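Undergrad: The listed protein sequences correspond, in order, to chains R and C. Residue 462 in numbering that gives the first Met the number 0 sits at position 463 of the first sequence, with consecutive numbering throughout. Residue 147 in numbering that gives the first Met the number 0 sits at position 148 of the second sequence, with consecutive numbering throughout.
2 protein chains.
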Amino acid sequence: MTVARRTAQTTPDRPRSHAGERAVVHDLPDTRPSRVVVEGVRPSVDGGRFPAKGVVGTPVEVSADVFADGHDHVAAALRYRYGTEAWREMPMHPLGNDRYSGGFRPDRIGLWEFTVVGWIDHLGTWVADARTKQEAGVLTSVDLLIGAELIDGASSRAGDGERTELQRAARSFREGSADRWLDDEVLERAAWLHGGRRPLGALGGTRTVWVDRPLAACSAWYEFFPRSTVDGSNRHATLADAIDRLDHIAELGFDIVYLPPIHPIGETNRKGRNNSVAATETDVGSPWAIGSSAGGHTAVHPDLGTLEDVKRLVAAAQERGLELALDIAFQCSPDHPWLQQHPEWFRYRPDGSIQYAENPPKRYEDIVPIHFENDDWKALWVALRDVFLFWIDQGITAFRVDNPHTKPFRFWEWLIAEIRATHPETILLSESFTRPRRLEALAKLGFSQSYTYFAWRASGTELTEYFTELATEAVDYLRPNAWPNTPDILTEQLQDGGLPVFATRALLAATLSANWGVYGPAFELGEHLPIRRGSEEYLDSEKYQLRRWKLDQPRSLAPLLGRLNAIRRAHAALRQDRTLAFHPTDNPQLLAYSKTAGEPAPDRVLCIVNLDPANSQGGWVNVQTHLLDLDDGQSFWASDELGGERYGWGPGRNYVRFEPGDPPGHILALEPR
Amino acid sequence: MTVARRTAQTTPDRPRSHAGERAVVHDLPDTRPSRVVVEGVRPSVDGGRFPAKGVVGTPVEVSADVFADGHDHVAAALRYRYGTEAWREMPMHPLGNDRYSGGFRPDRIGLWEFTVVGWIDHLGTWVADARTKQEAGVLTSVDLLIGAELIDGASSRAGDGERTELQRAARSFREGSADRWLDDEVLERAAWLHGGRRPLGALGGTRTVWVDRPLAACSAWYEFFPRSTVDGSNRHATLADAIDRLDHIAELGFDIVYLPPIHPIGETNRKGRNNSVAATETDVGSPWAIGSSAGGHTAVHPDLGTLEDVKRLVAAAQERGLELALDIAFQCSPDHPWLQQHPEWFRYRPDGSIQYAENPPKRYEDIVPIHFENDDWKALWVALRDVFLFWIDQGITAFRVDNPHTKPFRFWEWLIAEIRATHPETILLSESFTRPRRLEALAKLGFSQSYTYFAWRASGTELTEYFTELATEAVDYLRPNAWPNTPDILTEQLQDGGLPVFATRALLAATLSANWGVYGPAFELGEHLPIRRGSEEYLDSEKYQLRRWKLDQPRSLAPLLGRLNAIRRAHAALRQDRTLAFHPTDNPQLLAYSKTAGEPAPDRVLCIVNLDPANSQGGWVNVQTHLLDLDDGQSFWASDELGGERYGWGPGRNYVRFEPGDPPGHILALEPR
């Protein structure tokens, strides 16, 4: 309160008009602004800076706050379009508390745009008021005349057929009779279509939705190393050998087969088995040490085959309903041709030596990172883009992108837009195991799917918090992909728990998330030995050596994986993330959650997972029927899609019990009974 | 998956360069974009569409997500300015998880602007890496040479003094010795000031803060009807009489005295006592039926006095440390001069009669609403603005605005900007008892303070939820003002509970909210009779008749009100809303909450309120020391500012008990012991 209360600012240099003369006017708008405010629209990613994500054929649900001063009713409409086509319009409906909702069903892949408009519904307001007055017996002939005038306005904007009807209504009102007209739909329709909307209230700007094909939003990935696809021998397998794996993967119901980099592998500073710094003559090296005299990011490792073999593998996958995804890892071995062709794309140290990858005090001498802060960055960006376009031209429709968070965010934003300009069907999975803001930023700028922290979320509380966050705050722009393992990640839980824990983790990944994946051979067989205690690296990791996988073992998890994928295909509820909801249990080792879908038919799935499969675990699940689109108090049949049993359950507490050796949980399809 | 996986879009009309020729490039930026991303800035009201609110002398705390790809460190700075002055800069500090915070302390009323920038801190990254390598014993002479080159760059941008020192560091590095330099502040300072920031990462756009004088953010309002300020007689009191009330109000520690409209009152359709439709000759009418042959919104009711009397009242208030607030109610009695002068500002019905205010089926024939959808709206807006400017010219610095939600939002936004262009010190309190989105919209577009739903939040759960929402989501733009009663609102709780409930409600309002107010005489004396059961209107409401108030009664709540305002003045913690936190109790009738402040000295206040003063209530309060800026496990002295006792309390459970007749709660000032 030390500030002067009155400054000497009411000085005569600003004329006022208290006696009638006109004062100085600042910024008075040219035309009368709308009384309607539109704000708080969803989806809206960073205020419209980035597109939300949608799927062809699935409605984009839009909501907004729409309100005006005073007592008049407002009407709201959703306007949307594909690309730069003409705008289309859908009415929005009040949800209460000034919130309106509507939706549109995009029918094409690409960028859709929408906005929300609102206006005062004068005719609708009058109809509602007149009904109220009629019920209270205070509707007067003057009130009816006001209505007639409003109808005149609407009828002047209506087509011939409607106009005749509206004129009859106006005539009836002028004759002092409301007759049947107040309840006639013709007035409601006329209010919407011809009531007059000027001045129109609108959101400041538009929002966009990038619409993908369905596989971008629901997919099961299976990763394997093609060089390790011969079981009975030590030889380096080829892409032709890898074709033999496809039947197995298709039988398990996966959608996408994903291969680590298939390019020539550097020899300089090549890593040996178990990541040893001294490779021997026979060591095959890491596929992520990309490039040799045989070529770089657009070449095929000679031991794997040729470009023709890639195309044959693509075609073989397609024949089996699979898509082939390649790994794009923008980094080079010291032998990559780019080091000679484009030395300016790399960093050199004052002694002239090349700058290897570092994470001080560690140093990775088999990898040279690309230096994005170089003066030839435009050529670099174009070359990296052309790597994608090259593989797209070979028939590749999906990519897993290695460590995108170590390349500039603006680079990816540009690159993804470039790819989508001609190949909007491309799916890009971001392998960004980094801090949350960076993981999210990559999703916002365009990656179709994102690896998540699922592998390290072990307890029920951790899983509940994390997947709730993913299904709420991030759901408009980030599509989680849950992997229980990868060639880099063998979690402590998997190391210690044996096959039952692998089963639990598979069940969680496949049902918590519409997108999931496994590093397949190792997962099926429960590969669990770390290189050393405290490390998440595998012993004898396939990253550095050939492996032989005997996939037809009786102890394999393959049947479970196949069953999980079959259940996902049977249940639309499991093919999306938005309706995920958790249900309380009285045992922290029992995690219960549900998903529901309304299309194509009502679908409700309740999963109850035993997080501690080594022990007997029982407890009460408190089923929240309102989260399941069931009526309060509604009983239901619960059919276990894993175990096969069918239970008659009710709302509230239901008992479950798991013994060691049981399936890892129930996947209950619910139906009202 | 019905969408074609591959379209025929890889056609030859888009040349590609897999064999070396350059492909078509879309939208490649001209200069290399920054690697740094800045987003998620706070405060940010609707993405920057509206200013946040601040106070002169109180830091505006700004935070943002700032991050880059890869391993390099980023640095972030807050840039801010008053109006269009030169930008100033403050460093921002990492909070973890890529969040950075900083602040600035505005020293002037008006519009401040800020933004956040970030850049790669190459020198800082090198220093940190070099320290790590040194500790691991792997720091090489080449590493030191890299550092020397970075220092060369910084030193070329530094001033003479610093340059010498930096050159010494570079020399030492070139000689192969890190010496003491890695830990020397000179490198840190050089990294910040001279490390080079191009290309700079920035938030998309700026954000604004409207900075008010402190009274806008912390105030105690006292409302009274000047015509009812003579105790011993039935005569219509004057503004001169009202001056006699000011000593009392000042003694109670209020800041603002607020008068209902003081304009001439219409005679046509005047309301009688208790809102009866037939007024008698002696009925004084409602002050909100504004305008008669004696004038409109810029005239003073002849029975109250003259413009000179208003000025005298303003001066008398100022002498006592009070500000006078007028009520601005933009509506007219049928006798308002504007109906003759500007018939186009009102609505007429087809029979030529004027459109009275309606809420169908109800009709209010003493009030004519202004019709904002008229063709002469520009003149109307200017005239309404000039009403404010007129009273500002008479020395009025604060206004309570009646029903702003029944006038267009864009109108208020324009009007408030107009007022602030010359009178930024003006305080505007929005009386918008309406739906939440409308209440919030008025706060966003510029009202200094907002009436809240406090009056109807009775239970501990309701109060906790509501004030938590106000202190979190809305706190950047909405300043709540809590009123236990108004001339329109006598809640059921007050009707039933007697003086003890009035006391409880006063305690809650004065401590939950930095701004509070009472409809004074009625509140002090516990006026609690409704016109009828189920109504919130008073019996014999002052709105329609003169009243005599004997304020010197022994049963008055005046001493409590005075004590509450004195406690608010003594405790900075109670003079803001941002740090409000609730503490669990085991008795739902006991509500516990705290506020803390760091300036001018650490201040901690813990309130424990008995919501059921008619009965004995006791229970355990679970004091959360971390919410009180106390160390875990810290014991503290709790001095009751209401009761006078001092307790030695500890973290966790502490027992309290209230008997009927006790003060309504404890206001405990806490100090570590």
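Built from N, CA and C at the ideal position, the CB exists for glycine as well. Quick caveat, the model's predicted, so the values are computed rather than measured.
With a threshold of 8 Å on Cβ separation, who are the neighbours of residue 154(R) within its own chain once the five nearest residues in sequence on each side are excluded?
TA: 161, 162, 165, 166, 169, 189 and 193
Undergrad: Measuring CB atoms only, is the stretch 282-302 of chain C touching the stretch 361-371 of chain C, in the sense that at least three cross pairs come out at less than 8 Å?
TA: Counting C-beta pairs with one atom in each stretch, the stretch 282-302 of chain C and the stretch 361-371 of chain C have three or more that are closer than 8 Å, which means they touch.
Undergrad: Closer than 7 Å, Cβ to any Cβ of chain R: which residues of the stretch 125-157 of chain C, in chain order?
TA: Listed by position along the chain: 128, 131, 132, 135, 137, 141, 144, 145 and 148.
Undergrad: Drop a sphere of 10 angstroms on the beta-carbon of residue 460(R), count the other beta-carbons inside from all chains shown, and report buried for 16 or more, exposed for fewer.
TA: exposed
Undergrad: Going by alpha carbons, who is nearest to residue 531(C) out of 518(C), 547(C), 570(C) and 491(C)?
TA: The option with the nearest alpha carbon to residue 531(C) is 491(C).
Undergrad: Taking residue 439(R) as the reference, which of 303(R), 469(R) and 410(R) has the closest Cα?
TA: Nearest option by C-alpha distance: 469(R).
Undergrad: Measuring alpha carbon to alpha carbon, tell me which residue in 222(R), 81(R) and 266(R) is nearest residue 256(R).
TA: 222(R)
Undergrad: Let's test the definition: count the other Cβ atoms within 10 Å of the Cβ of residue 64(R) and tell me whether it reaches 16, buried, or not, exposed.
TA: buried
Undergrad: Using alpha carbons as the reference points, say which of 399(R), 116(R), 411(R) and 590(R) lies closest to residue 685(R).
TA: This structure leaves residue 685(R) out entirely; chain R is present only between 0 and 672.
Undergrad: Check each residue of the stretch 47-75 of chain C: if its Cβ is closer than 7 Å to any Cβ of chain R, include it; give the result in chain order.
TA: 48, 55, 64, 66, 68, 69 and 70
Undergrad: Is the Cβ of residue 678(C) closer than 9 Å to any Cβ of chain R?
TA: Residue numbering for chain C in the displayed model covers 0 to 672; residue 678(C) lies beyond these limits and cannot be assessed.
Undergrad: Flag residue 436(C) as yes if its beta-carbon sits less than 9 Å from any beta-carbon of chain R, otherwise no.
TA: yes
Undergrad: Output yes or no for whether 9 Å exceeds the beta carbon distance between residue 211(C) and residue 52(C).
TA: yes
Undergrad: Using a Cβ cut-off of 9 Å (strictly closer), state whether residue 405(R) contacts chain C.
TA: yes
Undergrad: Am I right that residue 480(R) and residue 452(R) are in contact with their C-beta atoms under 8 Å? What's the rounded C-beta distance?
TA: Incorrect: roughly 11 Å between the Cβ atoms, too far for contact.
Undergrad: Output the boundary residues of the beta strand (DSSP E) element that contains residue 641(R).
TA: Looking at the DSSP string, residue 641(R) is not in any beta strand (DSSP E), and its letter there is neither H nor E.
Undergrad: Suppose you measure from the CA of residue 622(R) to the CA of residue 669(R); what does that come to, to the nearest Å?
TA: 11 Å
Undergrad: Helix, strand or coil for residue 72(C) per DSSP?
TA: Coil at residue 72(C), not helix or strand.
Undergrad: With burial defined as no fewer than 16 other Cβ atoms inside 10 Å of the residue's Cβ, what is the status of residue 634(C): buried or exposed?
TA: exposed
Undergrad: Quick one, are the C-beta atoms of residue 42(R) and residue 55(R) less than 9 Å apart?
TA: no
Undergrad: Is the separation between the beta-carbon of residue 640(R) and that of residue 608(R) shorter than 9 Å?
TA: no
Undergrad: Curious, which full-length beta strand (DSSP E) runs of at least 3 residues does the stretch 187-212 of chain R contain?
TA: 206-211
Undergrad: Rank 626(R), 595(R) and 45(R) by C-alpha distance to the C-alpha of residue 513(R) and give the top, closest one.
TA: 595(R)
Undergrad: I want to see whether chain C comes within less than 9 Å of residue 119(R), judged by CB atoms only; does it?
TA: yes
Undergrad: Taking only beta-carbon positions, decide if residue 45(C) is within less than 9 Å of chain R.
TA: yes
Undergrad: For chain C, find out if any of its Cβ atoms is closer than 9 Å to the Cβ of residue 410(R); answer yes or no.
TA: Residue 410(R) counts as touching chain C.
Undergrad: List, in order along the chain, the chain R residues whose C-beta lies closer than 7 Å to that of residue 203(C)?
TA: 48
Undergrad: Roughly how many angstroms separate the alpha carbons of residue 652(R) and residue 620(R), rounded to a whole number?
TA: 5 Å
Undergrad: For residue 339(R), does the count of other Cβ atoms within 10 angstroms reach 16, so buried, or fall short, so exposed?
TA: exposed
Undergrad: Per DSSP, residue 64(R) forms a beta bridge with which residues?
TA: Bridge partners of residue 64(R): 38(R) and 98(R).
Undergrad: Once the 5 residues before and after residue 559(C) are set aside, which same chain residues still bring their CB inside 7 Å of it?
TA: 502 and 505
Undergrad: Mind pulling the chain C residues with CB within less than 7 Å of residue 36(R)?
TA: 408 and 440
Undergrad: Between the stretch 264-278 of chain C and the stretch 526-542 of chain C, do three or more beta carbon pairs fall short of 8 Å?
TA: yes
Undergrad: What whole-angstrom Cβ distance do residue 392(R) and residue 328(R) have, given they're in contact under 8 Å?
TA: With 8 Å as the limit, residue 392(R) and residue 328(R) do not qualify as a contact, their Cβ atoms being about 19 Å apart.
Undergrad: Taking 9 Å as the threshold (C-beta atoms), are residue 131(C) and residue 360(R) in contact?
TA: yes
Undergrad: Are residue 404(R) and residue 68(C) close, meaning C-beta to C-beta below 9 Å?
TA: yes
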